[in-house]
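Below: the structure, in structure tokens.
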Amino acid sequence: MRLWGVMGMNKKSIIWILVALLGAFALAGIALHRGESINALWLITAAVCIYAIAYRFYAAWIAAKVLTIDATRATPAERLDNGRDFMPTNRWVVFGHHFAAIAGPGPLVGPTLAAQFGYLPGTLWILIGAVLGGAVQDMVTLFFSMRRNGRSLGQMARDEIGAIGGTAALIGTFMIMIILIAVLGLVVVNAMKHSPWATSTVAATIPIAMLVGIYMRNIRPGRVLEASALGVALLLLSVFAGGWIDHQESLRVLFDHDGLPLAYAIIVYGFAAAVLPVWLLLAPRDYLSTFVKLGTVFLLAIAILLLRPEIRMPAVTQFVDGTGPIFGGKLFPFVFITIACGAISGFHALISSGTTPKLLANERDIRMIGYGGMLLESFVAMMAMIAATVLEPGIYFAINSPPGVVGKEAVDAIAKINSWGFAVTVEQMQQLASDMGEQSLFARIGGAPSLAVGMASIFGTAFGKGMLAIWYHFAIMFEAIFILTTLDAGTRVGRFMLQDLLGNFNKTLGETSYTPSVILTSAIVVASWGYFLYIGVIDPNGGVNILWPLFGIANQMLAAIALSVATGILVKSGKLRYAWVTGLPLVWLVTITTTAAFQKIFSEDIRIGFFAAANDLSAKLAAGALPADKAAIAPQLIFNQHLDAYLTLFFVSVLWVVILDMLWMCVRHLNGKPVPKLSEAPHEPSRLVEDWVRD
Amino acid sequence: MLQTLLKKVRHVWHCVRRLSGDDAYEQYLKHYAAFHANTLDAPPVLSRKAFYQLWQDKKWQGVKRCC
Chain U
0 MRLWGVMGMN KKSIIWILVA LLGAFALAGI ALHRGESINA LWLITAAVCI YAIAYRFYAA
60 WIAAKVLTID ATRATPAERL DNGRDFMPTN RWVVFGHHFA AIAGPGPLVG PTLAAQFGYL
120 PGTLWILIGA VLGGAVQDMV TLFFSMRRNG RSLGQMARDE IGAIGGTAAL IGTFMIMIIL
180 IAVLGLVVVN AMKHSPWATS TVAATIPIAM LVGIYMRNIR PGRVLEASAL GVALLLLSVF
240 AGGWIDHQES LRVLFDHDGL PLAYAIIVYG FAAAVLPVWL LLAPRDYLST FVKLGTVFLL
300 AIAILLLRPE IRMPAVTQFV DGTGPIFGGK LFPFVFITIA CGAISGFHAL ISSGTTPKLL
360 ANERDIRMIG YGGMLLESFV AMMAMIAATV LEPGIYFAIN SPPGVVGKEA VDAIAKINSW
420 GFAVTVEQMQ QLASDMGEQS LFARIGGAPS LAVGMASIFG TAFGKGMLAI WYHFAIMFEA
480 IFILTTLDAG TRVGRFMLQD LLGNFNKTLG ETSYTPSVIL TSAIVVASWG YFLYIGVIDP
540 NGGVNILWPL FGIANQMLAA IALSVATGIL VKSGKLRYAW VTGLPLVWLV TITTTAAFQK
600 IFSEDIRIGF FAAANDLSAK LAAGALPADK AAIAPQLIFN QHLDAYLTLF FVSVLWVVIL
660 DMLWMCVRHL NGKPVPKLSE APHEPSRLVE DWVRD
Chain L
0 MLQTLLKKVR HVWHCVRRLS GDDAYEQYLK HYAAFHANTL DAPPVLSRKA FYQLWQDKKW
60 QGVKRCC
């Protein structure tokens, strides 16, 4: 002991040095590895060590020095305790709520798509982006909102920067919601296309959710756990029932559909979910999705640890040059735009400035909940990356490449994929499809099916190979149930925002319970995302190629707005020297979103530039070079490419307006000119005893 | 040994109930007893069903789920 003392170290320091060395070793192993394959355990080890170091040192430093957290200061939960939304709550419970709210399908889909660049670029960004960007954003937004009685991001932007910033944040949120729902709808449609098993299982989740809703509302009011247990059991049953339906010739035709009818079904469903009372569909579905999500993520982590699968994808593929089949565009900036939620998600800022800050019992908890919550989300993204890259690359590309790129026929697709240097055969794909209980796995774009194949092969090897088809459809059900939850919740939020907006012009239209207004606003929101979903389905290039980058740009733009607000507040609070903590990730996000938007608008490459694609299609249409079926949809596709270009332009313009507004405010402040006052709630000492937390 | 294990299990169960909102009504009754029971203008205490309906409708205002 004395010896350690002399050296100025203790046991703890030694342990942290070891963690740092192990992390550095694992990371170097991943980055420098050039062989046939690498074990997934390397990725897990690097991730866990980096998270641990970042949490222990960087997050603690931000809490102590940058935010100067005050454990003796009463939180809004304590001061405004009303037993409902404001309530001091055990930090593990808050963590659970917060994580369940931020963890959506984004971190599963993004890494799966970004795996086309190889496992290395995406993995590095998931780690670095989360530690230096995403987790910081979540934590500081949570802190600033907590110091302002749980005010929302939009309100904080308005109070601290000015009216322009606030309005921009609001519009940004609405737009992201529309694009997000469309792309998620597309992911589900592609998972259900001509798959009676998947379609019937996903369809069964609707009556199951309703049953659970009625149980919780009327049969046994408030018995949430009972009802959820019943629902989860029924969901598992529905996976098996789907397999049975798939084998009944008379029943399977009922669930065997093209993309378009499925898209219409989702649109009708989305409208119903937005208009029906929450207790009937949305709330019970949310319970089920949360339990299934947490259970599956946990199971996947255990399976990966047990199995330690080899990663088959190369570290870096040739598609970093921008010719990737899944989406066009070079590594920079598109890997960052594509990973999105697993590294930085602007959407989290809305949760961090919503329910969570109203529950914190102590300011100290924000490190664990804000920073720690995002680290766990990043870990989920890491597992999705592993699940995508343990597949043979040939299989991965066969599942994820749209017919517009590799050709409609299996033989053509295989020839094309082989020409890229990835081995795969038609027989192999047929065998895989029949193992998974599907007719075909070609061109199942959107990420969900390839993730499900990856998960099924991991689960199948770890817990019994005979049930691959069950595992595959379980994974599809798992993805679909919380994609649909996001779709329901998003449509409803969009409806509320629109009603709020209309309320400025007409009081009655603003009332959330006024039926004509509910129907009108729901119809507008559903029609908006329904349009993008429709175009995505008819687009021979698959739609994901267009919609996911658009979503990524919008999401990263919202993150940049949140970081702008945080940077502005830091400067105003006299912490200019620490402003880089949010300023650096902000500069990076602005760089990638602006570059990506610029390329999406102006690139000459028809797989990247919207205008280039529209012009190319117009020229072909005018020359009569298109087959009849393509010529019929060409005008719609051309219109959509133009629309997407203007939408992208709008996104970056909004972003730059907010940033310039924030910089202008900072310059004025630093020159001693008047700026909007800090809107922090005054200090009140906490009456909760130091080490006593209500649980 | 068994005692501590039992205590741990009970604590986890407690957290699960709190997280899911299974014990929201009990929390409400506690809050009511602490803050409202002895005041003159206190609203009448809600039934389990009425409370649950109010709690659930309120819970779904605003952004609740992310991407």
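Protein chains in written order, with numbering that gives the first Met the number 0: chain U, 0 to 694; chain L, 0 to 66.
No residue lacks a Cβ here, since even glycine has one placed at the ideal position from N, Cα and C.
Please look up how many angstroms separate the CB atoms of U/Leu185 and U/Leu532, rounded, as I've assumed it's under 8 Å.
-> 6 Å
What is the C-beta distance between U/Leu646 and U/Ile560, in whole angstroms, given that I count them as a contact (C-beta under 8 Å)?
-> 17 Å between Cβ atoms; not a contact.
Over the uninterrupted alpha helix (DSSP H) stretch that includes U/Ser433, give me the two end residues.
-> Val425 to Asp434
U/Ala451 vs U/Tyr471 beta-carbon contact at 7 Å | yes
4-residue-minimum alpha helix (DSSP H) runs that sit fully inside the stretch 556-611 of chain U, ordered along the chain = 579-601
In chain order, what residues of the same chain have a beta carbon less than 7 Å from the beta carbon of U/Asp499, not counting five sequence neighbours either side?
-> Gly509
Under 8 Å by beta carbon: chain U residues contacting L/Lys7 | Those do not exist, as L/Lys7 stays about 13 Å from chain U at its closest Cβ, beyond 8 Å.
Residue from U/Ala680, U/Thr122, U/Met86 and U/Pro75 whose Cα sits closest to the Cα of U/Trp41 | U/Thr122
Burial state of U/Ala386, where buried means 16 or more other Cβ atoms lie within 10 Å = buried
Consider the Cβ of U/Phe700: report whether some Cβ of chain L lies at a distance smaller than 7 Å.
-> Limits of chain U in this structure are 0 at one end and 694 at the other, which puts residue 700 of chain U out of reach.
Hey, could you find the ends of the alpha helix (DSSP H) U/Met155 is sitting in?
-> Leu152 to Glu159
Could you tell me whether the Cβ of L/Asp40 comes closer than 7 Å to any Cβ of chain U?
-> no
Who are the neighbours of L/Ala23 on chain U, taking C-beta pairs under 7 Å?
-> Gly221
Of all Cβ atoms in chain U, is any one closer than 7 Å to the Cβ of L/Trp12?
-> no
Step through the CB atoms of chain L and report whether any lies within less than 7 Å of the CB of U/Phe346.
-> yes
Does the beta carbon of U/Ile350 come closer than 7 Å to any beta carbon on chain L?
-> yes
Beta carbon proximity, L/Leu18 to chain U, threshold 7 Å = yes
Residue interval of the alpha helix (DSSP H) (run including L/Asp56) = Arg47 to Lys58
With distances taken Cα to Cα, identify the nearest neighbour of U/Pro681 among U/Ser439, U/Ala271, U/Ala58 and U/Arg72.
-> U/Arg72
Just reading off the alpha helix (DSSP H) that U/Ser456 is part of, what are its end residues?
-> Ala447 to Phe462
Show which residues of chain U have a CB atom less than 7 Å away from the CB atom of L/Val44.
-> The premise fails here: L/Val44 is roughly 12 Å from chain U at the closest Cβ pair, so nothing lies under 7 Å.
When the Cα atoms are used, what is the spatial distance from U/Gly573 to U/Thr566?
-> 11 Å
Close Cβ partners of U/Ala100 (< 6 Å) along its chain, the five nearest in sequence each way excluded | Ile350
Measure from the C-beta of L/Asp35 to each C-beta in chain U and report whether the shortest distance is under 7 Å.
-> It is His, not Asp, that sits at residue 35 of chain L in the sequence shown. By this cut-off, L/His35 is not an interface position.
Using 7 Å as the limit for Cβ to Cβ distance, is L/Gln55 near chain U?
-> yes
U/Leu642 - DSSP class collapsed to helix/strand/coil = helix
U/Gly393: buried (16+ other C-beta within 10 angstroms of its C-beta) or exposed?
-> buried
Compute the distance between the beta-carbons of U/Gly153 and U/Ala168, then report whether it is under 7 Å.
-> yes
Closer than 7 Å at the beta carbon, the chain U residues around L/Gln2 | Correct list: empty, because the minimum Cβ distance to chain U is about 19 Å.
Backbone CA spacing between U/Glu689 and U/Asn89 [nearest angstrom] | Low confidence applies to U/Glu689: its pLDDT is 48, below 50, so where it sits in the model is not reliable enough to give any reading.
Determine whether the Cβ of U/Ala282 lies closer than 7 Å to any Cβ atom of chain L.
-> yes
Measuring CA to CA, which of U/Met664, U/Lys506 and U/Ala383 is closest to U/Leu569?
-> U/Met664
Collapsed DSSP secondary structure at U/Asp694 in the structure displayed | Bear in mind that a pLDDT of 46 at U/Asp694, under 50, signals an unreliable position, so the number given afterwards is only what the model happens to contain. U/Asp694: coil per DSSP, three-state reduction.
Do U/Ile180 and U/Gly406 have their CB atoms nearer than 7 Å?
-> no
Does DSSP put U/Glu478 in a helix, in a strand, or in coil?
-> helix
What does DSSP give as the partner residues of U/Thr172 in its beta bridges?
-> Partner(s): none; U/Thr172 has no beta bridge.
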